[in-house]
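Be aware that the sequence shown starts at 1, since it is given in the UniProt record's numbering, and climbs by one per residue. Backbone N, C-alpha and C fix where the C-beta goes; we use that ideal spot for every residue, glycine too. Structure record follows, encoded as structure tokens.
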Amino acid sequence: MERIRLADDLTFSRLIHGCWRLADWGYSREQLLGLIEFCLERGITTFDHADIYGDYTCESRFGEALALKPSLRGQIEIVTKCGIKLPSKYGMKLYDTSKNHIIASVEQSLRHFHTDYIDVLLIHRPDPFMNPEEVAEAFLQLKQDGKVRYFGVSNFKRSQWEMLQSYLPFPLVTNQIEVSAYRLENLEDGTVDLCLEKRIPPMVWSPLTGGAIFSADDDRAVRLRGTLEQVRGEVGAETIDEVLYAWLLVHPARMMPIVGSGKRERIERAVRALSLPLSREQWFAILQSSMGHDVP
Numbered sequence: 001m002e003r004i005r006l007a008d009d010l011t012f013s014r015l016i017h018g019c020w021r022l023a024d025w026g027y028s029r030e031q032l033l034g035l036i037e038f039c040l041e042r043g044i045t046t047f048d049h050a051d052i053y054g055d056y057t058c059e060s061r062f063g064e065a066l067a068l069k070p071s072l073r074g075q076i077e078i079v080t081k082c083g084i085k086l087p088s089k090y091g092m093k094l095y096d097t098s099k100n101h102i103i104a105s106v107e108q109s110l111r112h113f114h115t116d117y118i119d120v121l122l123i124h125r126p127d128p129f130m131n132p133e134e135v136a137e138a139f140l141q142l143k144q145d146g147k148v149r150y151f152g153v154s155n156f157k158r159s160q161w162e163m164l165q166s167y168l169p170f171p172l173v174t175n176q177i178e179v180s181a182y183r184l185e186n187l188e189d190g191t192v193d194l195c196l197e198k199r200i201p202p203m204v205w206s207p208l209t210g211g212a213i214f215s216a217d218d219d220r221a222v223r224l225r226g227t228l229e230q231v232r233g234e235v236g237a238e239t240i241d242e243v244l245y246a247w248l249l250v251h252p253a254r255m256m257p258i259v260g261s262g263k264r265e266r267i268e269r270a271v272r273a274l275s276l277p278l279s280r281e282q283w284f285a286i287l288q289s290s291m292g293h294d295v296p
């Protein structure tokens, strides 16, 4: 599988496996280890987490599976996020990007994963109460201590990215953003343009819109499904999942879609999308179907 370079000594697999719903899959440690190995056999080596996933349980579940075969740690890249506090643990939902919270979150993640380093740490959401000097201090300490190799953000717009970057002595390596043929906001508001400008490959969450594209009955979804089915037939894909992934993969921003499923057949569909020959005309047909009108 294609590798995407984020830094001199850091590459991600073009497809990333997402563990947001890991707690819902009902897998034993052995079954989860089998899924990790299934991904590795197909070239998917990058795994996306967050401290809050599964109400603070997904990291530890993944770590327990990894502990069954510790040698796999050197074959994968672990991405995790921090900065959100949930009511179940803190009494209310809020953001916390203080130095103490960032460092404490990383220490907890290291324990959960049974590892001594995180490959990439992301700030999960833009924090309107963020003190960027504290974030920079936390990042520097974690990097100097060897606990985090690289840093990025998630769901940041241009001004938020540039503000935080201005306080750091090293570059942020990615922005994890929502992009799909059904959700165009980050394509339209300059967020993807920023990634191109900074040569930063974005991680892309919800590439299948959480499944909404398959069942929603609004005009956009109905139009889009029709066009996706047409393109599916033209390129010889088995399902429209593959076309949705291909639509992101052919974009010049070097998007890295996150495949957030525990089902092996869905992971296989994403892998097949890597070889779909989507043309510029087909790409624009899907875009215009989503917008509901021709480009200007």
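Terminal residues of the alpha helix (DSSP H) in which residue i lies
i, result
"Gly63", "Cys58 to Ala67"
"Tyr167", "Taken as a continuous stretch (DSSP letters only), Tyr167 belongs to no alpha helix (DSSP H), as it is neither H nor E."
"Phe214", "Ala212 to Ser215"
"Gly236", "That residue, Gly236, is in no alpha helix (DSSP H); it is neither H nor E in DSSP."
"Lys89", "Pro87 to Tyr90"
Unbroken beta strand (DSSP E) run spanning residue i, endpoints
i, result
"Ile16", "Ile16 to Gly18"
"Ala7", "Arg3 to Ala7"
"Val204", "Met203 to Trp205"
"Val192", "Careful: Val192 lies outside any beta strand (DSSP E), inside the alpha helix (DSSP H) at Thr191 to Lys198."
"Asn175", "Asn175 to Glu178"
Outcome for residue i when other beta-carbon atoms lying within 10 angstroms are tallied against a minimum of 16
i, result
"His293", "exposed"
"Ser206", "buried"
"Met1", "exposed"
"Tyr53", "buried"
"Asp59", "In the sequence on display, residue 59 carries Glu and not Asp. Counting Cβ neighbours within 10 Å, Glu59 comes out buried, since at least 16 surround it."
"Pro126", "buried"
"Ser215", "exposed"
"Tyr90", "exposed"
"Leu94", "exposed"
"Leu248", "buried"
"Glu77", "buried"
"Val135", "buried"
Test item: CB-CB of residue i and residue j under 8 Å
i, j, result
"residue 299", "Gly152", "Here the chain comprises residues numbered 1 to 296, so residue 299 is not present and cannot be evaluated."
"Ala253", "Pro171", "no"
"Arg61", "Gly260", "no"
"Val231", "Ile177", "no"
"Gln282", "Glu242", "no"
"Ile240", "Cys39", "no"
"Asp119", "Ile258", "no"
"Val79", "Thr45", "no"
Alpha-carbon to alpha-carbon, residue j and residue i
i, j, result
"Gly18", "Glu41", "16 Å"
"Ala65", "Pro87", "27 Å"
"Ala7", "Ser180", "26 Å"
"Phe139", "Val222", "45 Å"
"Arg5", "Arg199", "10 Å"
"Ser71", "Leu33", "12 Å"
"Arg280", "Glu188", "18 Å"
"Gly146", "Gly83", "20 Å"
"Asp217", "Thr191", "28 Å"
Start-end ranges of the beta strand (DSSP E) lying completely within the region 11–55, minimum 3 residues: 16–18 and 46–48
Beta strand (DSSP E) runs wholly inside the region 112–142, at least 3 long, in chain order: 118–123
Alpha helix (DSSP H) runs contained entirely in the region 242–282, provided each spans 4 or more residues: 264–273
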